[in-house]
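Residue numbers (our numbering): 646 to 793.
Glycine included, each C-beta is placed from N, C-alpha and C at the ideal position.
This structure is a prediction, so every number in the text was calculated from the model and none was measured.
Take a look at the structure:
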């Protein structure tokens with residue numbers, strides 16, 4: 646759990662510990678004195694435990710495990726996809742071109758590259774892909790890097 650989450654949990658717990666007795670008195674007619682430390686402590690501990698458990702089970706993208714490439718699914722070299730070479734790929738814009746055959750270039754977008762997280766290609770990489778005709782021309786789909 647990060648420090649920010651811990652601080653948020655403490656603040657939420659403190660607010661709940663004070664508000665719950667007040668709300669019980671005004672809504673349900675149950676009078677709980679704010680001087681009753683035991684009641685406030687129970688509310689604080691229960692709220693803190695709940696927010697702590699909820700926050701520790703919530704992985705933000707910065708806490709998510711990094712994809713190291715070793716988890717990639719097995720690529721069957723005998724599948725029906727075409728093979729080509731990455732002509733260029735702009736990592737910041739998330740697209741590039743793959744050369745297939747002699748001079749036939751195919752557009753590739755990062756969303757069509759297999760894998761999770763940040764997906765990109767490097768110039769000169771051998772790749773396998775399906776080709777689809779779109780209104781703007783040829784587009785590569787189901788792109789994966791061929792391992793040597």
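Item                                                                                             : Value
Closest by C-alpha distance to residue 767, when choosing among 652, 759 and 735                 : 735
Which listed residue (732, 733, 727 and 781) has its alpha carbon closest to that of residue 787 : 727
Span separating the alpha-carbon of residue 686 from that of residue 653                         : 17 Å
Three-state secondary structure assigned by DSSP to residue 731                                  : strand
Cross-strand partners of residue 743 (DSSP beta bridge)                                          : 731 and 751
CB contact flag (residue 790, residue 776, <9 Å)                                                 : no
Backbone CA spacing between residue 648 and residue 683 [nearest angstrom]                       : 27 Å
Collapsed DSSP secondary structure at residue 758 in the structure displayed                     : strand
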